[in-house]
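Using the working numbering, you'd call the opening residue of the sequence shown number 218 and step up by one each time.
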Amino acid sequence: MGLLDGVDRIIIEVARALLPLLAFFLVFQIFYLKLPRVYLVNLARGILLTFLGMVLLLQGVHVAFLPAGREIGEALAMFDQRWLLIPFGFFLGFLATYAEPAVRVLCYQVRESSGGYIGDTLILYTLSLGVASSVAVGMIRIVYGIPLLYFIIPGYLIAIILLYFSEKEFVGVAFDSGGVATGPMAVTFLLSLAVGVAAGIEGRNPVVDGFGLVALIALAPILSVLMLGILYRRTRGEET
Numbered sequence: 218m219g220l221l222d223g224v225d226r227i228i229i230e231v232a233r234a235l236l237p238l239l240a241f242f243l244v245f246q247i248f249y250l251k252l253p254r255v256y257l258v259n260l261a262r263g264i265l266l267t268f269l270g271m272v273l274l275l276q277g278v279h280v281a282f283l284p285a286g287r288e289i290g291e292a293l294a295m296f297d298q299r300w301l302l303i304p305f306g307f308f309l310g311f312l313a314t315y316a317e318p319a320v321r322v323l324c325y326q327v328r329e330s331s332g333g334y335i336g337d338t339l340i341l342y343t344l345s346l347g348v349a350s351s352v353a354v355g356m357i358r359i360v361y362g363i364p365l366l367y368f369i370i371p372g373y374l375i376a377i378i379l380l381y382f383s384e385k386e387f388v389g390v391a392f393d394s395g396g397v398a399t400g401p402m403a404v405t406f407l408l409s410l411a412v413g414v415a416a417g418i419e420g421r422n423p424v425v426d427g428f429g430l431v432a433l434i435a436l437a438p439i440l441s442v443l444m445l446g447i448l449y450r451r452t453r454g455e456e457t
């Protein structure tokens, strides 16, 4: 696959995503906001950078991350010791979340909004470990052919129970973390990895067994952050 294969399609898709937002802003600018020209120039520059960044990101995902993840998954499925997929999935899940830009933004916002009460580094490692555990569970599900519902339904029931015991400052952060963790790194690389593993194991269906990993990744940060909130609540209780 060439480096620029399909880039025209990516450009059209990004333009379709950004143009409605730009039109919406222009309507408000004309009738309500009336911001100065300097601001509009900076806005135009920012939109241009956003456009270029999204095109480069999605093109990189198309020509690199998706094929690489699938090929790695199929290669790993050839191992005789398939239990090695579990720690390997944990390792890749940690790295993918640790490198996720959206996760870094969330951690920064949490630290700023809480006035330093919740550290950004602590949230970063909590999310990374949570997603790593979920990817390991996803590998267990694929290797042993366990239905997805056996993990999803109990997982969300546990999350609902943890809501009543966790520190209230962590509840909103926990559920936002689930969406943030399913960013480009997770969806492109880890999902294609899982599909590749399912395609390489005899008796597994890539559609039935390969997909569902993103649902586990979305659930894991909710549980891990809520459990962190419980630890904070206990610590606060001991101090008082």
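Ideal Cβ placement from N, Cα and C applies to all residues, glycine included.
ILE378 has its alpha-carbon roughly 10 Å from the corresponding atom of GLY372. Counting only residues of its own chain and dropping the five nearest sequence neighbours on each side, ARG328 has a CB closer than 7 Å to the CB of ILE335, GLY336 and ASP337. With a cut-off of 8 Å on Cβ pairs, the stretch 394-409 is in contact with the stretch 430-446, counting three or more such pairs. A direct Cα-to-Cα measurement between LEU365 and VAL425 gives close to 9 Å.
Scanning PHE268, PHE245 and GLY389 for the CA closest to the CA of SER330 turns up GLY389. The beta carbons of VAL352 and GLY306 sit closer together than 8 Å. The beta-carbon distance between PHE392 and ILE447, rounded to whole angstroms, is 16 Å. This is too long to meet the 8 Å contact definition. Runs of the alpha helix (DSSP H) spanning 4 or more residues and lying entirely within the stretch 328-382 occur at 337-361 and 366-380, in chain order.
When the alpha-carbon of LEU374 is set against those of ALA292, LEU430 and LEU443, the nearest one is in LEU443.
Contact check between the stretch 264-281 and the stretch 221-239: three or more CB pairs, one atom from each, fall below 8 Å, which counts as touching. Annotation for ILE359: LEU302, ALA411, VAL414, ALA415, ILE418, ARG421, ASP426 and GLY427 place their beta carbon closer than 8 Å to its own, counting only its chain and skipping 5 residues before and after. Of the residues assessed, ILE227 falls on the buried side of the cut-off, its CB having 16 or more other CB atoms within 10 angstroms. Linking GLU288 to LEU252 through their CA atoms gives a straight-line distance of about 50 Å. Here ALA294 has VAL414, GLY417 and ILE418 as same chain residues with Cβ atoms under 6 Å from its own Cβ, once five neighbours each way along the sequence are excluded.
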